Amino acid sequence: MGSKSLHSNRNHTKKRNLWSGVLFGIGLAAFIDETIFHQLLRWHHFYDQSTTDIGLISDGLFHAFSWFATIGGLFLFADLKRRNGLSLKRWWGGVLLGAGSFQLYDGIIQHKLMRLHQIRYVENVIPYDLVWNISAVLMIAAGLFLLKRTSKKGAPSHA
């Protein structure tokens with residue numbers, strides 16, 4: 047295999063590690079959000095601007111989305127493992143980036159801009175919003191840190 051082909055294959059593997067982690071992270075964050083905040087705590091539904099029935103249907107669609115993302119990420123993970131191309135640090139970087147990005151999108155776009163729902167319907171929602179969005183930014187920062195560490199030249203591909 048030529049040097050150019052090896053470099054191209056290594057870049058492809060790095061991208062697949064990233065996307066596998068990002069998809070899994072999005073699915074995991076959505077699953078945790080839906081299980082804890084929608085079902086167990088019953089703080090909100092995915093769409094709260096209608097009846098409870100519509101809210102439950104929207105939760106079902108949201109749950110299906112989370113599983114599609116999770117399963118897609120795990121299929122890529124299995125393929126990387128089978129091809130001996132899995133980089134766990136890079137994959138975990140993708141997981142944190144995906145989970146944090148999903149959570150920040152949810153907290154800013156869905157909660158505040160689109161007003162599909164709030165994290166919780168209380169008089170002072172600001173503490174909930176701060177915890178939600180700051181934890182998202184911390185996950186994104188940790189994910190970017192891991193991705194940066196695995197992007198350096200000479201970094202082991204399976205570290």
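The sequence shown maps to residues 47 to 205 in my numbering. Note that the Cβ used here is the ideal one computed from N, Cα and C, for glycine as well. Computed from a predicted structure; not experimentally measured.
(request) Assign residue 137 to one of three DSSP states: helix, strand, or coil. (result) helix
(request) Taking only the alpha-carbon atoms, compute the straight-line gap between residue 97 and residue 197 and give it to the nearest angstrom. (result) 48 Å
(message) Assuming residue 179 and residue 154 are in contact, meaning their beta carbons sit under 8 Å apart, how far apart are those beta carbons, in whole angstroms?
(response) 7 Å
(request) Please go through the stretch 68-129 and give each complete alpha helix (DSSP H) segment of 4 or more residues, from N-terminal end onward. (result) 98-128
(request) Output the distance between the C-alpha atoms of residue 114 and residue 74, rounded to the nearest integer angstrom. (result) 11 Å
(request) Using the Cα positions of residue 144 and residue 190, report the straight-line distance between them to the nearest angstrom. (result) 10 Å
(message) Suppose contacts are defined by Cβ-Cβ distances below 7 Å. Is residue 104 in contact with residue 92 by that definition?
(response) yes
(message) With distance defined between alpha-carbon atoms, name the residue in 108, 102 and 186 nearest to residue 77.
(response) 108
(request) Please work out which residues of its chain come closer than 6 Å, Cβ to Cβ, to residue 142, disregarding the five sequence neighbours upstream and downstream, and give them in chain order. (result) 185, 188 and 189
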